[in-house]
Amino acid sequence: ALNFSLDAASSHPNLRVDNQSVEWDSTGGKALDAKAHEIKAKEGKGRPGSASASPAGSPIRQRLGPSPSRASRDRFSGESYTVLGDSAIDCGQHYWEVVVSRESKAYGAGVANRGLGRFEQLGRTAASWALYVNTWLQLSVAAKHNNKARSLEGPAPTHIGIYCDYDNGLVSFYNAESKQLLHTFRVRFSQPVLPAFSVWCGSLSVRTGLQVPSHVQSLQKNQDNGSGSSTSSLT
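FYI, in full-length UniProt numbering the residues of the sequence shown are 1 to 235.
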């Protein structure tokens, strides 16, 4: 069984991370930017060219560019609010679950290589595989990988099971309440992967240390035999 916690060091600044839960916080990034500007202002006092060192009556016009972190953050949608687990998967079969709060407007779960940046969108890179749900304005449920998406039918799952068979290159997503298989990625892993999550305007919690459920084992066996649900993988 895979036991892991959420790694706050890997998270987007707008996420508040606990060991087993994460919540989107609209003020998180603003607080970091304010602190950075405060430090910069203190460091600039007394230096040549600063306001305190300028001759009296000589106006200073200094054009400051946007904070790099804010500029990067503003370019992305809710999909970029990511956080990774702290335990890598490099062999074996593993299963964990995600429980999402009902008010969450967008969220995702899957696996990603350790190199996924905190501002990168889960499922948009070649090294991340995810199930993504957006309930804002219009409902959409999709499997995403390498900037490609496959729309999935059905209601938005708020209790998701993730199965990762590293040895056989499988990543499957289940509705943990109905036990329905939602999608399977067939992957050629080239390096270890980490559990990965995203959430916008809401929160989610993870359940780890779980054994692979019997219904998952059965459905995965059917997949291997070619008689499983029609969930062809993205390439």
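Glycine included, each C-beta is placed from N, C-alpha and C at the ideal position.
Since the model is a prediction, treat every value here as computed from it, not as a measurement.
If distances are taken between C-alpha atoms only, which option among the options comes closest to residue i?
{"i": "glycine 123", "options": "Ser101, Ser80, Glu97, Gly161", "result": "Ser80"}
{"i": "leucine 116", "options": "Gly28, Lys179, Pro192", "result": "Pro192"}
{"i": "glutamine 220", "options": "Phe173, Phe189, Leu15", "result": "Phe173"}
{"i": "alanine 149", "options": "Tyr132, Ser104, Tyr163", "result": "Tyr132"}
{"i": "phenylalanine 197", "options": "Asp167, Gln93, Ser214, Trp129", "result": "Trp129"}
{"i": "isoleucine 160", "options": "Gln180, Lys144, Asn146, Tyr166", "result": "Gln180"}
{"i": "serine 104", "options": "Trp136, Thr184, Ala88, Asp224", "result": "Trp136"}
{"i": "aspartate 25", "options": "Asn146, Asn3, Thr82, Arg186", "result": "Thr82"}
{"i": "glutamine 217", "options": "Ser203, Pro155, Tyr163", "result": "Tyr163"}
{"i": "asparagine 146", "options": "Pro155, Asn175, Asn113", "result": "Asn113"}
{"i": "asparagine 19", "options": "Ile89, Ala9, Pro13, Thr184", "result": "Ala9"}
{"i": "aspartate 7", "options": "Val141, Ser214, Val99, Arg118", "result": "Arg118"}
{"i": "tryptophan 200", "options": "Ala142, Ala1, Gly108", "result": "Gly108"}
{"i": "leucine 15", "options": "Gly28, Asn3, Ser5", "result": "Gly28"}
Which residues does DSSP pair with residue i in a beta bridge?
{"i": "lysine 144", "result": "Ala130, Ala149"}
{"i": "threonine 82", "result": "Ser198"}
{"i": "valine 22", "result": "Val17, Leu204"}
{"i": "aspartate 165", "result": "Gln93, Leu170"}
Taking all protein chains shown into account, do 16 or more other C-beta atoms lie within 10 angstroms of the C-beta of residue i, making it buried, or fewer, making it exposed?
{"i": "glycine 169", "result": "exposed"}
{"i": "alanine 126", "result": "exposed"}
{"i": "glutamine 138", "result": "exposed"}
{"i": "asparagine 157", "result": "One detail in the question is off: residue 157 reads as proline in this sequence, not asparagine. Buried."}
{"i": "glutamine 121", "result": "buried"}
{"i": "serine 190", "result": "exposed"}
{"i": "serine 11", "result": "buried"}
{"i": "tyrosine 95", "result": "buried"}
{"i": "arginine 102", "result": "exposed"}
{"i": "threonine 184", "result": "buried"}
{"i": "residue 290", "result": "As displayed, the chain neither begins before 1 nor continues past 235, which places residue 290 out of reach and without an answer."}
Just curious, the beta strand (DSSP E) that residue i is in, first and last residue?
{"i": "glutamine 180", "result": "180-186"}
{"i": "serine 93", "result": "For clarity, residue 93 is glutamine in the given sequence; the question names serine instead. Per DSSP, glutamine 93 belongs to the beta strand (DSSP E) from 93-100."}
{"i": "alanine 112", "result": "106-113"}
{"i": "serine 172", "result": "170-175"}
So, with DSSP's three-state summary, where would you put residue i?
{"i": "aspartate 7", "result": "strand"}
{"i": "glutamine 220", "result": "helix"}
{"i": "alanine 1", "result": "coil"}
{"i": "histidine 159", "result": "strand"}
{"i": "serine 214", "result": "helix"}
{"i": "glycine 209", "result": "strand"}
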